[in-house]
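First the structure, in the form of structure tokens, and then the observations on it.
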Amino acid sequence: MKFLSIFFFIIGLLSLALGGSELYLRENPSRLAFDNYTYAVGMPSAHKNIPVRITIDALAIDAPVSPVVVENNKWPVTGKAASYLAASPIPGEAGNSIIYAHNWKNLFANLTNAQTGEEVVITFADGSKKTFVISSTSTVTPDTSSILANANDTRITLYTCTGFLDTNRFVAVATVTN
Amino acid sequence: MNNKSLIASLTGVALFLGTITPAQAYNMPEFGSCLNPQWSKTQENKGSDHGVIGVGTYAGTDTIYESNGNVLQCLTTDTGTGYQTNWLKATNLSTDEMKELESKGWIYVAHGEDWGLEKCVYMAKNGDYTSAATSTPTPVASPDVTPTPAIGGSDSTPTTSESASTSETQTSVPVLGGLAPTGNALTIYLAILAGIASISTGIVLRKFSK
């Protein structure tokens with residue numbers, strides 16, 4: 329019985345440590361200092377001028393961007409950068425470019441406060457920048473994959489988790505400005 | 035089996051059964067989102083009294099998309115807010131299925147024609163959607179005039195019938211079952227709850243061991 333008691337204590341402490349570390353990752357915006365952070369999976373767009381940073385001044389969002397590839401229907405998600413879906417167009421090219429990130433304070437936590445008219449600046453690997461303006465927002469269920477479909481305009485679709493236990497997704501669509 | 039074991043077993047079975055939800059007999063169409071509609075655009079109406087079921091009437095631009103009688107209504111008000119309303123054609127739904135949908139927040143609409151829809155039963159559900167007035171998806175197909183009245187807008191002026199700006203075959207990304215899991219709230223809560231439960235169990239066992 330005593331052994332079992334100790335076992336449960338240890339399991340309990342480990343669980344609390346896990347919960348605490350996840351909470352720390354989510355809430356601590358200063359834990360990342362990686363201006364030159366590079367993280368890529370697959371990199372089919374390596375030859376292109378890929379996006380490396382996303383900035384939304386109105387929402388105090390300033391995060392690195394790394395290209396990712398969905399494999400076996402599994403989304404790669406990193407806590408160190410926003411993820412640019414490499415299979416989607418380069419932001420600023422015709423179509424629907426997809427960028428998503430955790431709703432952590434260092435990433436897209438403030439995205440859920442996005443308002444139409446706010447500017448999104450994408451910085452590219454060559455240092456150039458393109459500005460987009462948020463044109464629409466919505467909260468959708470996680471199975472609403474139609475937001476990923478192509479579009480005939482030039483847009484970026486940004487999304488992150490929201491709602492009770494992060495069960496929904498907040499989506500902001502921004503279109504390119506001249 | 036003693037009484038305590040029996041009660042524990044029954045409680046366990048009850049909890050298990052409580053988690054079971056009835057099988058869904060009907061096929062819920064994928065309405066998608068007004069952010070990037072995938073259905074055929076049938077109307078775009080500007081007017082002063084666009085109705086949003088269960089909410090009210092607004093001035094703004096109402097864009098209608100349809101598929102197999104089901105309707106996606108995207109309203110952008112002049113004040114910059116908006117509504118997405120999913121209209122499910124409910125002619126083939128049983129009473130139980132409608133009640134199940136009502137329990138999930140859907141609204142029963144006995145007369146679709148009152149809302150400019152077909153003369154049949156619909157179930158409707160609103161969702162949040164905000165759009166700048168200029169962000170209505172740009173049509174690409176050749177337009178045809180449609181006689182269908184606008185949803186809830188008496189002075190609305192139906193304009194064109196056209197394909198949505200996107201099509202299902204134009205997806206630029208792999209077909210995915212859903213969106214990325216971009217939150218960890220569930221992990222946090224579960225880990226903390228498990229931690230508290232385990233430590234509590236350890237305390238109880240320690241007392242029994244003395």
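Chains A and B are the protein sequences, given in the same order. Throughout the first sequence, residue numbering follows my numbering, covering 329 to 506 in sequence. Throughout the second sequence, residue numbering follows my numbering, covering 35 to 244 in sequence. Even glycine gets a Cβ: it sits at the ideal position worked out from N, Cα and C. Please read these numbers as outputs of a predicted model, since none were measured by experiment.
Practice problem: Name the two residues that bound the continuous alpha helix (DSSP H) containing residue 234 of chain B. | Solution: 219-243
Quick one: measure Cβ to Cβ for residue 99 of chain B and residue 106 of chain B, integer angstroms, because I've assumed they're closer than 8 angstroms. 4 angstroms
*asked:* So with CB distances below 9 angstroms, who are the chain A contacts of residue 223 of chain B?
replied: 347, 493
request  = Along the alpha helix (DSSP H) that carries residue 130 of chain B, what are the first and last residues, could you check?
outcome  = 129-137
- Task: Could you tell me which residues DSSP pairs with residue 121 of chain B in its beta bridges?
- Result: B:105, B:158
- When Cβ atoms are compared, which residues of the segment 457-480 of chain A fall closer than 7 angstroms to chain B? 463, 464, 465, 466, 467, 468, 470, 471, 472, 473, 474, 475, 476, 477, 478, 479, 480
Relative to the alpha-carbon of residue 514 of chain A, which residue among A:447, A:488, A:496 has its alpha-carbon at the smallest distance?
-> This structure leaves residue 514 of chain A out entirely; chain A is present only between 329 and 506.
message = Taking 8 angstroms as the limit between beta carbons, can you name the residues of its chain near residue 463 of chain A, skipping five residues before and five after?
response = 444, 483, 501, 502, 503
Which value, in whole angstroms, describes the spacing of the CA atoms of residue 423 of chain A and residue 378 of chain A?
-> 15 angstroms
Residue 330 of chain A (DSSP reduced to helix, strand or coil) | helix
| request: Quick one: which residues of the segment 66-91 of chain B get their C-beta closer than 9 angstroms to a C-beta of chain A? List them in chain order. | output: 66, 67, 68, 69, 70, 71, 72
Quiz prompt | Residue-level contact to chain E via CB, residue 351 of chain A, 8 angstroms cutoff | solution = Given the protein chain composition of this structure (A and B), no chain E is represented.
**OP:** Take residue 507 of chain A and list the residues in its own chain whose beta-carbon comes closer than 6 angstroms to its own, dropping the five residues that flank it on each side.
**Re:** There is simply no residue 507 of chain A to check, as chain A begins at 329 and stops at 506 in what is shown.
According to DSSP, simplified to helix, strand and coil, what is residue 116 of chain B? strand
Next on the checklist: What residue range does the beta strand (DSSP E) around residue 504 of chain A cover?
Outcome noted: 496-504
Pair every Cβ in the segment 154-164 of chain B with every Cβ in the segment 114-132 of chain B, then say whether three or more of these pairs are closer than 8 angstroms. yes
List, in chain order, every chain B residue whose beta-carbon is nearer than 7 angstroms to that of residue 339 of chain A. 232
Please identify the residue among B:230, B:121, B:236 whose C-alpha is closest to the C-alpha of residue 347 of chain A. B:230
Given a cut-off of 8 angstroms, decide if residue 218 of chain B and residue 354 of chain A are closer than it, judged by their beta-carbon atoms.
yes
Review point. Residue range of the beta strand (DSSP E) that residue 425 of chain A falls in?
Key: 423-428
*asked:* Under 8 angstroms, Cβ to Cβ, is there at least one residue of chain B near residue 333 of chain A?
replied: yes
Taking Cβ positions only, does residue 218 of chain B come closer than 8 angstroms to chain A? yes
task: For chain B, find out if any of its Cβ atoms is closer than 8 angstroms to the Cβ of residue 431 of chain A; answer yes or no.
output: yes
Practice item. Please name the residue in A:351, A:398, A:472, A:447 whose C-alpha comes closest to that of residue 224 of chain B. Key: A:351
Can you tell me where the beta strand (DSSP E) with residue 81 of chain B in it begins and where it stops?
-> 74-86
- request: Would you tell me roughly how many angstroms separate the C-alpha atoms of residue 86 of chain B and residue 166 of chain B, rounded to the nearest one?
  value: 18 angstroms
query = Considering only C-alpha positions, which residue in the set A:388, A:385, A:404 is nearest to residue 394 of chain A?
reply = A:404
- Taking residue 69 of chain B as the reference, give the member of A:476, A:495, A:505, A:340 with the closest Cα. A:476
Q) How is the beta strand (DSSP E) around residue 67 of chain B delimited, first residue to last? A) Where residue 67 of chain B is concerned, there is no enclosing beta strand (DSSP E), given that its DSSP letter is neither H nor E.
Q) Got a sec, what are the start and stop residues for the beta strand (DSSP E) residue 460 of chain A sits in? A) 457-468
Inset, instruction - State the beta-bridge partners of residue 410 of chain A as determined by DSSP. - result: A:393
Look at residue 144 of chain B and residue 343 of chain A and say whether their C-beta atoms are less than 8 angstroms apart.
no
Is DSSP giving residue 60 of chain B helix, strand or coil here?
coil
I need the boundaries of the beta strand (DSSP E) containing residue 152 of chain B, first residue and last residue. That residue, residue 152 of chain B, is in no beta strand (DSSP E); it is neither H nor E in DSSP.
Starting from residue 344 of chain A, find everything on chain B with Cβ-Cβ shorter than 8 angstroms and list it in chain order. 225, 226, 229, 230, 233
- prompt: In chain A, which residues lie with their C-beta within 9 angstroms of the C-beta of residue 144 of chain B?
  reply: Near residue 144 of chain B there are no residues of chain A at all, since even the closest Cβ is about 27 angstroms away, more than 9 angstroms.
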